[in-house]
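Working notes for the structure below.
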Amino acid sequence: MKELSVKSDLSSALSKAWRIAREEGFTSLLSTLRGYCLYHLRDKWRFVYFEYPLEREFLAFEGRELLTIKIATREDFDRIERDIFPSLVGDLEYDKRYFKLIGQEGIRCFLGEKDGKLIHYSWVFLSAFNSPIMEVPFDKTQLRKGDIFIGPVFTHLSARGLWVYPCVLSAIIRYLRQNQYGEKVLIFVDGRNAAARPFYERLGFREIPDAVRANWLYVLRQKVTATIP
């Protein structure tokens with residue numbers, strides 16, 4: 064799945080689908096379209112949403128495993144391509160598009176470095192109204208001025224289990240508090256990830272109840288989702 068993101072809007076997806084059909088063949092196109100359909104009919108409806116009030120102190124994980132944390136600049140792009148891009152395969156290829164946003168107002172990319180290699184990124188959107196949460200079934204009427212969105216995030220396979228993300232998340236919360244950016248942080252995770260809920264709850268996040276408005280479309284998609292394994 065090289066160019067057609069499973070999360071692309073329909074018009075963009077169709078144009079890229081035609082390109083994939085020409086360049087990679089019909090089999091690759093079918094696989095890509097299947098991923099696109101599964102995301103919109105099933106996967107994005109499984110997201111679970113959490114919030115964290117910035118008035119609350121966050122747990123400190125400073126200096127753990129000699130991790131260096133910084134905000135990315137355009138000068139980091141070559142290193143990002145070298146250290147991180149080779150690991151962004153399959154659905155993760157979608158994340159590559161975000162790196163074009165480095166340096167834009169209201170957007171931050173936090174990088175984690177260990178032993179001279181970039182092993183982690185966390186995207187921070189200072190306005191949730193201009194963030195990936197607008198592309199998922201979250202009830203937008205619940206968004207408020209001052210809401211900040213964190214995501215997507217990624218940790219290299221070699222560094223998982225070393226508490227890299229909690230260290231970076233701690234640095235992000237501290238940065239937001241020190242600069243008085245916003246009032247609340249929002250994130251979402253795949254509800255099938257059994258470890259995600261207790262992980263965020265231990266860090267002080269609260270699951271948002273009724274995060275998806277239950278209209279007729281929601282009910283219909285829930286029924287469709289239940290039939291797709």
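Everything in the sequence shown is counted per the numbering used here, starting at 64 for the first residue and increasing by one.
The beta-carbon is built from N, C-alpha and C at its ideal position, and this holds for glycine as well.
Query                                                                                                                                                                   : Result
Would DSSP call residue 265 helix, strand or coil?                                                                                                                      : helix
Express the C-alpha separation of residue 148 and residue 218 in angstroms, rounding to a whole number.                                                                 : 12 angstroms
Relative to the C-alpha of residue 119, which residue among 256, 249, 216, 240 is closest?                                                                              : 240
Within the chosen definition, does the stretch 206–217 reach the stretch 178–192 through at least 3 CB pairs nearer than 8 angstroms?                                   : yes
Quick check on residue 174: does DSSP put it in helix, strand or coil?                                                                                                  : strand
Could you give the uninterrupted runs of the alpha helix (DSSP H) lying entirely in the stretch 220–245, keeping only those of 4 residues or more?                      : 227–241
I'd like to check one pair, residue 248 with residue 112: are the Cβ atoms closer than 8 angstroms?                                                                     : no
Compute the beta-carbon to beta-carbon distance between residue 121 and residue 254, rounded to the nearest angstrom, for a pair I have assumed lies under 8 angstroms. : About 24 angstroms separates the two Cβ atoms, so there is no contact after all.
Under a Cβ-count criterion, where at least 16 other Cβ atoms within 10 Å of its own Cβ denotes burial, should residue 158 be classed as buried or exposed?              : buried
Across which residues does DSSP place residue 185 in a beta bridge pair?                                                                                                : 173, 216
Got a sec? Which residues, its chain only, sit under 8 angstroms from residue 172 by beta carbon, not counting five neighbours each side?                               : 134, 135, 161, 162, 164, 165, 184, 185, 186, 187
Is the beta carbon of residue 200 less than 8 angstroms from the beta carbon of residue 275?                                                                            : yes
Report back the beta-carbon spacing between residue 130 and residue 246 to the nearest angstrom; my notes put them in contact at under 8 angstroms.                     : That belief does not hold up - the Cβ atoms of residue 130 and residue 246 are roughly 28 angstroms apart, past 8 angstroms.
Sort 203, 216, 197, 180 by Cα distance to residue 156 and report the nearest one.                                                                                       : 216
Measuring only the C-alpha atoms, how far is residue 264 from residue 271?                                                                                              : 11 angstroms
Taking the alpha carbon of residue 146 as the point to measure from, which residue in 221, 232, 235 has its own alpha carbon closest?                                   : 221
Whole-angstrom Cβ separation of residue 182 and residue 176, contact assumed at under 8 angstroms?                                                                      : 7 angstroms
In this structure, what does DSSP give as the bridge partners for residue 253?                                                                                          : 110
Based on the DSSP output, what are the partners of residue 210 in its beta bridges?                                                                                     : 247
Straight-line CA distance for residue 244 to residue 203?                                                                                                               : 20 angstroms
Taking buried to mean at least 16 other C-beta atoms within 10 Å of its own C-beta, is residue 273 buried or exposed?                                                   : exposed
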